[in-house]
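Here the sequence shown is numbered in full-length UniProt numbering, starting from 1 and rising by one per residue.
Report on the following structure.
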Amino acid sequence: MRKHVVLGMVALGTAIATSASESTPYDLIRPVYPLKWDNEAFDKFELANTENTGLLPKEKKPESYKANAFIPDSLDQAYYDALNTHISPIRVNQAGYLTSDTERQFYYIGEATKFEIVDADGNSLSPAVTGDLTSKTTEVSSDWTIKAQTNALTLSRDRYTVSFAGSTGILKAGKIPQSVPTDKRLRIKIGDEISSTFIVSDKVYSMVRDASLKFFGIQRSGESESWFHDKSHTKDGSGKFTYDDEEVSEFTPQEGALQGGWYDCGDHLKESMTMSYAFMSLAIMAATNESKDKDHYAYNQSETVNTDGIPDILREAKHGADFFIRSYNFANGIIDNMVVSVGNFGADHGYWGKPEEQDTLSAIRRGNASERDLRLGELGSNISGMIAAGLAIMGKQYAVYDKAYAETCLKIAEEMYDFAKSLAQGKSSYGDGKLFKYNKRAASWATPAYNGNNEFYDDLALASVALLYATGKTVYADDALRSKDLVNGQTFGDGAGFFEGGWFATNDKGFFKNAKNTSWANSYAFATYALYKLILSDKTKATTEYGLSEMEWLNAIEDCITDMIANLGDVSQDDGTASISLLSDAIAWKQGVVKYDANWFNMQTDLAWQYNAYQAGNIFEVLAYADVAADLEKKNLTLPNLGAVSWKSSEMWQLGINQLNYMLGVNPWDISFVYGVGDKNDAHQHHRASNPEGRNMENTKDYKYRVPVGALYGGTAPQAKSAIIPQNTSVEDYHISEACLAGSATLMAATTIVSSPAEEGSGPTVGIKKTTKPLKSATIDQNTVSLMIHAPGNGQKRVQVFDLLGNTVYKANFNSENINVPFSAMRHKGALQVRVFNGGKVAAAKTIILK
Numbered sequence: 001m002r003k004h005v006v007l008g009m010v011a012l013g014t015a016i017a018t019s020a021s022e023s024t025p026y027d028l029i030r031p032v033y034p035l036k037w038d039n040e041a042f043d044k045f046e047l048a049n050t051e052n053t054g055l056l057p058k059e060k061k062p063e064s065y066k067a068n069a070f071i072p073d074s075l076d077q078a079y080y081d082a083l084n085t086h087i088s089p090i091r092v093n094q095a096g097y098l099t100s101d102t103e104r105q106f107y108y109i110g111e112a113t114k115f116e117i118v119d120a121d122g123n124s125l126s127p128a129v130t131g132d133l134t135s136k137t138t139e140v141s142s143d144w145t146i147k148a149q150t151n152a153l154t155l156s157r158d159r160y161t162v163s164f165a166g167s168t169g170i171l172k173a174g175k176i177p178q179s180v181p182t183d184k185r186l187r188i189k190i191g192d193e194i195s196s197t198f199i200v201s202d203k204v205y206s207m208v209r210d211a212s213l214k215f216f217g218i219q220r221s222g223e224s225e226s227w228f229h230d231k232s233h234t235k236d237g238s239g240k241f242t243y244d245d246e247e248v249s250e251f252t253p254q255e256g257a258l259q260g261g262w263y264d265c266g267d268h269l270k271e272s273m274t275m276s277y278a279f280m281s282l283a284i285m286a287a288t289n290e291s292k293d294k295d296h297y298a299y300n301q302s303e304t305v306n307t308d309g310i311p312d313i314l315r316e317a318k319h320g321a322d323f324f325i326r327s328y329n330f331a332n333g334i335i336d337n338m339v340v341s342v343g344n345f346g347a348d349h350g351y352w353g354k355p356e357e358q359d360t361l362s363a364i365r366r367g368n369a370s371e372r373d374l375r376l377g378e379l380g381s382n383i384s385g386m387i388a389a390g391l392a393i394m395g396k397q398y399a400v401y402d403k404a405y406a407e408t409c410l411k412i413a414e415e416m417y418d419f420a421k422s423l424a425q426g427k428s429s430y431g432d433g434k435l436f437k438y439n440k441r442a443a444s445w446a447t448p449a450y451n452g453n454n455e456f457y458d459d460l461a462l463a464s465v466a467l468l469y470a471t472g473k474t475v476y477a478d479d480a481l482r483s484k485d486l487v488n489g490q491t492f493g494d495g496a497g498f499f500e501g502g503w504f505a506t507n508d509k510g511f512f513k514n515a516k517n518t519s520w521a522n523s524y525a526f527a528t529y530a531l532y533k534l535i536l537s538d539k540t541k542a543t544t545e546y547g548l549s550e551m552e553w554l555n556a557i558e559d560c561i562t563d564m565i566a567n568l569g570d571v572s573q574d575d576g577t578a579s580i581s582l583l584s585d586a587i588a589w590k591q592g593v594v595k596y597d598a599n600w601f602n603m604q605t606d607l608a609w610q611y612n613a614y615q616a617g618n619i620f621e622v623l624a625y626a627d628v629a630a631d632l633e634k635k636n637l638t639l640p641n642l643g644a645v646s647w648k649s650s651e652m653w654q655l656g657i658n659q660l661n662y663m664l665g666v667n668p669w670d671i672s673f674v675y676g677v678g679d680k681n682d683a684h685q686h687h688r689a690s691n692p693e694g695r696n697m698e699n700t701k702d703y704k705y706r707v708p709v710g711a712l713y714g715g716t717a718p719q720a721k722s723a724i725i726p727q728n729t730s731v732e733d734y735h736i737s738e739a740c741l742a743g744s745a746t747l748m749a750a751t752t753i754v755s756s757p758a759e760e761g762s763g764p765t766v767g768i769k770k771t772t773k774p775l776k777s778a779t780i781d782q783n784t785v786s787l788m789i790h791a792p793g794n795g796q797k798r799v800q801v802f803d804l805l806g807n808t809v810y811k812a813n814f815n816s817e818n819i820n821v822p823f824s825a826m827r828h829k830g831a832l833q834v835r836v837f838n839g840g841k842v843a844a845a846k847t848i849i850l851k
């Protein structure tokens with residue numbers, strides 16, 4: 001696996017390099033060690049077998065520990081747990097806060113009434129920055145039990161149990177002052193307690209989004225340049241064809257024909273429902289937020305210098321498109337024969353090991369290549385609608401990078417939409433007379449892993465919008481907004497929220513999702529967001545390129561925003577103690593008020609299982625509304641039925657930001673639920689590629705715990721008395737701990753909306769090297785005894801040398817143009833990073849090795 005290693009720095013109290021890993025675009029929000037290590041933390045651990053001396057590390061403190069140093073991505077899990085046993089009374093967003101956020105809220109539980117913002121080393125700023133804490137009305141408490149295991153090969157797999165609790169008391173809220181420094185790590189100090197680090201930056205959510213994209217890289221299957229694992233399941237296509245769990249003999253397997261795609265969750269299944277949702281999400285966000293999609297990675301996301309010139313969200317969407325195109329080609333263009341799910345649920349779940357080793361297993365019921373079933377009949381109108389939408393977007397967005405590829409995407413998108421539409425209409429055939437054989441139901445079908453995606457209006461509305469955007473053809477405008485005879489059961493109404501026709505006019509009159517969260521089973525929020533952003537936001541394009549009359553344009557805007565509000569009302573928390581009133585009585589049986597919990601800002605979720613993934617759907621929906629509403633406020637439109645409305649975009653934006661605060665540390669457990677972001681994360685995710693606790697195969701090579709960067713911890717709902725207590729071991733309780741593709745896709749979408757625009761513009765960069773503002777130059781040469789540095793110009797310069805743990809082994813300021821640094825002055829051997837600063841910026845960098 002090709003990797004380009006680059007040492008990176010972060011702005012801390014003292015400069016620190018990465019530890020045994022590459023620099024990343026999100027270094028400022030990666031986990032760093034606290035200022036002090038608790039050497040008594042392991043005393044709280046109850047060992048499963050006191051005679052086994054290997055259940056805890058011999059050293060109470062990790063060898064890599066240094067205050068503010070990056071926490072390695074691979075440690076004994078007991079060290080991560082030791083960090084988490086202290087639930088700080090200060091709950092802060094461990095990624096950070098936007099510069100524009102006027103609240104920047106954090107919580108505290110305790111007797112103090114004032115706080116201070118300090119630097120990463122715990123020192124006061126100059127001048128000191130302090131603030132007051134305001135008591136809320138709710139008393140809260142929290143506890144957490146971690147049950148670690150060894151692996152599944154031992155008779156007793158239990159390793160240790162540790163239970164711990166946070167402070168109990170009335171929540172107090174603080175607001176980080178506007179005067180704090182930006183783009184550097186800070187902490188909050190209250191009495192003797194010092195919080196996790198955070199930053200204030202316009203780019204903080206761009207960094208979170210960049211981290212979330214890396215989980216897609218982890219989940220990649222096939223010859224995919226995953227930054228996390230070697231090529232895997234490259235034999236996909238060699239298993240047997242199945243339909244409703246029965247073998248089908250009319251097709252011939254072909255090794256490698258269906259390699260690629262993404263794994264579903266902590267397993268190695270490739271599921272149509274989650275792959276199509278992830279693909280659609282990436283494509284829609286790449287198109288709707290083009291200026292925010294940045295080229296920070298190569299296809300291999302460990303490469304951040306020699307990138308590929310393609311914006312990262314769009315490039316990851318191409319990985320999904322590649323799989324669906326491969327499936328189309330394998331089916332010889334007969335969409336009903338396409339295989340879009342690979343793997344046998346039972347056999348796959350019988351294996352716990354690294355993805356790259358599963359293909360060649362000899363044991364049965366462990367999911368080897370011959371047991372990776374090729375499952376027919378898992379398209380329906382819903383899944384094929386999402387795939388068609390994604391391919392349509394690729395057909396337009398990717399044309400500047402590869403015109404022939406884009407044309408292929410668009411061709412298949414149009415064919416797949418016809419397939420989805422014909423199936424929804426109850427026809428017996430599609431296209432030029434091809435019969436439906438394996439796909440008989442438009443929706444409400446299930447797989448061994450998934451059920452609950454029970455409708456198709458949302459997916460076909462989304463597909464028609466994407467195809468209208470990509471082609472400008474009248475038929476797609478008709479299908480989106482005009483047609484009154486698409487399917488039996490469509491109903492129509494008058495007034496705001498009732499579209500004239502098309503897929504946005506459902507069997508419930510309006511485009512209503514009725515208390516279902518945005519997730520793999522529900523794309524209503526993506527459809528309304530795409531309709532506005534891609535078609536309606538620009539009046540000139542809407543009435544020329546997309547063929548809408550001015551009145552159609554205005555009516556569609558009114559219906560779109562009204563239904564966004566109605567759908568937010570439906571996912572409000574019934575007993576919410578805070579609310580934002582958006583519309584009153586626009587739709588008689590819907591509420592125009594968004595209710596939420598006043599402390600944790602959560603709203604209604606479909607399931608307690610994978611709570612955070614469904615709450616992420618609410619966050620996306622809130623922020624999508626805020627984005628659209630802000631644009632409507634700029635337009636200052638008078639709508640046909642509603643007239644002039646105060647859309648309250650700022651209030652809704654703040655709600656979405658506060659909901660993200662919860663996800664990233666302002667929660668009962670003082671952890672960031674996004675792995676690899678924030679100083680404290682869970683360490684027992686139900687995820688085979690990253691966590692060996694469930695290992696059930698011998699001879700697995702180099703199988704160590706690794707942080708699955710960008711994954712979203714499933715979690716559980718916060719209460720007045722909040723608790724995380726696994727039903728069995730932490731890794732086995734997948735309801736709480738499983739890391740899933742769909743959850744990270746939704747998180748990616750939400751954080752993209754609040755990301756900063758690309759600093760280098762949007763537009764193609766193929767064949768063009770990245771450029772930055774010119775820096776003052778410097779050169780670094782060496783002979784056998786010293787470094788020879790040349791830094792032209794006046795003013796003070798600096799040379800600084802770091803070891804791989806970030807320790808400064810040499811530093812000197814100089815004013816002349818030349819300086820020699822003897823190797824004997826560096827007090828260190830091995831790999832070192834040399835950096836020369838000229839004019840206050842890095843002017844040269846070089847890695848050297850001293851023997």
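No residue lacks a Cβ here, since even glycine has one placed at the ideal position from N, Cα and C.
**Request:** Output the residue ranges of the beta strand (DSSP E) runs that lie fully inside the stretch 365–427 and measure 3 residues or longer, sorted by chain position.
**Result:** none
**Prompt:** Using DSSP with H/G/I as helix, E/B as strand and the rest coil, what is Arg159?
**Reply:** For the purposes of this step, residue 159 is taken as residue 159 along the sequence shown, with counting starting at 1. Strand.
**Prompt:** Just how far apart, CA to CA, sit Ala629 and Ser649?
**Reply:** As a working note, residue 629 is residue 629 in the sequence shown. As a working note, residue 649 is residue 649 in the sequence shown. C-alpha separation (whole angstroms): 5 Å.
**Request:** For Leu607, count neighbouring C-beta atoms within 10 Å of its own C-beta (all shown protein chains included) and say buried if the count is 16 or more, exposed if not.
**Result:** By one-based count along the sequence shown, residue 607 stands at place 607. The residue is exposed, with fewer than 16 neighbouring Cβ atoms inside 10 Å.
**Message:** Using the Cβ count rule (16 or more neighbours within 10 Å means buried), how would you classify Asn329?
**Reply:** To locate residue 329, count along the sequence shown from 1; it is residue 329. By the 10 Å Cβ count, Asn329 comes out exposed.
**Request:** To the nearest angstrom, report how far apart residue 852 and Ala442 are at their CA atoms.
**Result:** Nothing can be reported for residue 852: it is not among the residues displayed for the chain, which extend from 1 to 851.
**Prompt:** If we call anything under 8 Å between Cβ atoms a contact, is Ser730 one with Lys240?
**Reply:** Taking the first residue of the sequence shown as 1, we reach residue 730 at position 730. Taking the first residue of the sequence shown as 1, we reach residue 240 at position 240. No; because the gap between Cβ atoms is not below 8 Å, this pair is not in contact.
**Pair within 8 Å by beta-carbon distance, Met207 and Ile29** = Start at 1 with the first residue of the sequence shown, and residue 207 comes out as number 207. Start at 1 with the first residue of the sequence shown, and residue 29 comes out as number 29. Yes, Cβ-Cβ distance for Met207 and Ile29 is below 8 Å.
**Request:** Report the three-state DSSP secondary structure of Phe251 (helix, strand or coil).
**Result:** Along the sequence shown, read from residue 1 onward, the residue named residue 251 stands at position 251. Coil.
**Prompt:** Is Lys635 helix, strand or coil when you go by DSSP?
**Reply:** Counting from 1 along the sequence shown, the entry for residue 635 is found at position 635. Helix at Lys635.
**Prompt:** Between the Cα of Val809 and the Cα atoms of Ala825, Ser816, Asn820 and Gly795, which residue gives the shortest distance?
**Reply:** As a working mapping, residue 809 is identified with position 809 in the sequence shown. Ranking Ala825, Ser816, Asn820 and Gly795 by Cα distance to Val809 puts Ala825 first.
**Prompt:** Can you name the residues that DSSP bridges to Trp352?
**Reply:** By one-based count along the sequence shown, residue 352 stands at place 352. Beta-bridge pairing links Trp352 to no other residue.
**Prompt:** Going by the C-beta, is Leu664 closer than 7 Å to any heavy atom of the ligand PLP?
**Reply:** The ligand PLP is not among the ligands present in this structure, which contains no ligands whatsoever.
**Request:** Round the Cβ separation of Leu98 and Ile657 to the nearest angstrom and send it over; I've been treating them as touching at under 8 Å.
**Result:** Within the sequence shown, the letter at position 98 stands for residue 98. Within the sequence shown, the letter at position 657 stands for residue 657. About 7 Å separates the two Cβ atoms, so the contact holds.
**Prompt:** What is the DSSP secondary structure of Ala527, reduced to helix, strand or coil?
**Reply:** As a working mapping, residue 527 is identified with position 527 in the sequence shown. Ala527 sits in a helix when the DSSP states are folded into three classes.
**Message:** Rounding to the nearest angstrom, what Cα-Cα distance links residue 867 and Thr752 in this structure?
**Reply:** The chain is shown only over 1 to 851; residue 867 falls outside these bounds and no answer can be derived.
**Request:** Using only alpha-carbon positions, find the residue among Leu787, Arg835, Ile780 and Ser816 that is nearest to Val801.
**Result:** Reading the sequence shown from its first residue, position 801 is the one you call residue 801. For Val801, the closest alpha carbon among the candidates Leu787, Arg835, Ile780 and Ser816 is that of Arg835.
**Asked** Do you know how far the Cα of Ile819 is from the Cα of Ser786?
**Response** Within the sequence shown, the letter at position 786 stands for residue 786. Within the sequence shown, the letter at position 819 stands for residue 819. If you take the alpha carbons of Ser786 and Ile819, they lie about 10 Å apart.
**Request:** Return yes when the Cβ of Tyr205 is within less than 8 Å of the Cβ of Val677, no when it is not.
**Result:** Position 677 of the sequence shown, counted from the first residue, corresponds to residue 677. Position 205 of the sequence shown, counted from the first residue, corresponds to residue 205. No; because the gap between Cβ atoms is not below 8 Å, this pair is not in contact.
**Asked** Using the beta-carbon count (16 or more within 10 Å), is residue 853 buried or exposed?
**Response** What the structure shows of the chain is the stretch from 1 to 851, and residue 853 is not part of that stretch, so it cannot be assessed.
**Gly166 burial status per 10 Å Cβ neighbour count (16 or more: buried)** = Position 166 of the sequence shown holds residue 166. Label assigned to Gly166: buried.
**Message:** Let me check one thing: in DSSP terms, what residues is Phe215 bridge-paired to?
**Reply:** Locating residue 215 in the sequence shown gives position 215, counting from the first residue. DSSP, once it has assigned bridges, lists no residue as partnering Phe215.
**Item:** Closest by C-alpha distance to Gly333, when choosing among Glu407, Ala449, Ile412 and Asn517
**Value:** As a first step, residue 333 must be located in the sequence shown, where it is residue number 333. Out of Glu407, Ala449, Ile412 and Asn517, Ile412 has the C-alpha closest to the C-alpha of Gly333.
**Burial state of Lys114, where buried means 16 or more other Cβ atoms lie within 10 Å** = By 1-based counting over the sequence shown, the position of residue 114 is 114. That one is exposed.
**Message:** If the criterion is Cβ atoms closer than 8 Å, does the pair Ile90 and Leu186 meet it?
**Reply:** Position 90 of the sequence shown, counted from the first residue, corresponds to residue 90. Position 186 of the sequence shown, counted from the first residue, corresponds to residue 186. In this structure, Leu186 does not lie closer than 8 Å to Ile90 by Cβ.
**Prompt:** Do Phe198 and Ala95 have their C-beta atoms within less than 8 Å of each other?
**Reply:** Within the sequence shown, the letter at position 198 stands for residue 198. Within the sequence shown, the letter at position 95 stands for residue 95. Their beta carbons are under 8 Å apart, which means Phe198 touches Ala95 by this criterion.
**Message:** In the DSSP output, which residue or residues are listed as bridge partners for Ile87?
**Reply:** Against the sequence shown, residue 87 aligns to sequence position 87. Answer is none; Ile87 lacks a bridge partner.
**Message:** If we require 3 or more residues per run, which beta strand (DSSP E) segments fall completely within the stretch 83–130?
**Reply:** Within the stretch 83–130, the complete beta strand (DSSP E) segments of 3 residues or longer fall at 105–109 and 114–119, listed in chain order.
**Message:** Between Lys797, Asn636 and Leu660, which has its C-alpha nearest Phe620's C-alpha?
**Reply:** On the sequence shown, position 620 is the one that residue 620 refers to. Checking every option, the nearest Cα to that of Phe620 belongs to Leu660.
**Prompt:** In whole angstroms, what is the alpha-carbon distance linking Ile87 and Asp682?
**Reply:** Along the sequence shown, one-based indexing puts residue 87 at 87. Along the sequence shown, one-based indexing puts residue 682 at 682. Approximately 12 Å, taken between the alpha carbons.
**Asked** Near Tyr299, which residues of its chain fall below 7 Å by C-beta distance, leaving aside the five closest residues on each side in sequence?
**Response** Taking the first residue of the sequence shown as 1, we reach residue 299 at position 299. So the list reads Glu225, Asp308 and Arg315, once near-sequence residues are dropped.
**Prompt:** Going by alpha carbons, who is nearest to Gln573 out of Glu247, Ala389, Asp597 and Ala152?
**Reply:** Stepping through the sequence shown from its first residue, residue 573 is reached at position 573. With distances taken between Cα atoms, Gln573 lies closest to Asp597.
**Request:** On a CA-only basis, which of Gln719, Pro718 and Gln685 is nearest Trp352? Give me that one, please.
**Result:** As a first step, residue 352 must be located in the sequence shown, where it is residue number 352. Ranked by Cα distance from Trp352, the options Gln719, Pro718 and Gln685 are led by Gln685.
**Message:** Let me check understanding here. Comparing Cα to Cα, which of Leu75, Val129 and Lys292 lies closest to Ser756?
**Reply:** Translated into the one-based positions of the sequence shown, residue 756 becomes position 756. Closest option to Ser756, Cα to Cα, is Lys292.
**Request:** Give the single residue among Asn667, Asn699 and Gln727 whose Cα lies nearest to the Cα of Ala720.
**Result:** Counted from its first residue, the sequence shown places residue 720 at position 720. Comparing Cα-Cα distances from Ala720 to each of Asn667, Asn699 and Gln727, the minimum goes to Asn667.
**Request:** Take Pro774 and list the residues in its own chain whose beta-carbon comes closer than 6 Å to its own, dropping the five residues that flank it on each side.
**Result:** As a position in the sequence shown, residue 774 is number 774, starting the count at 1. Residue confidence is low: Pro774 scores 32 on pLDDT, short of 50, so the model does not pin down where it sits. Its coordinate-derived value is still stated next. Once the five neighbours on either side are set aside, Pro774 has no close Cβ partner at all.
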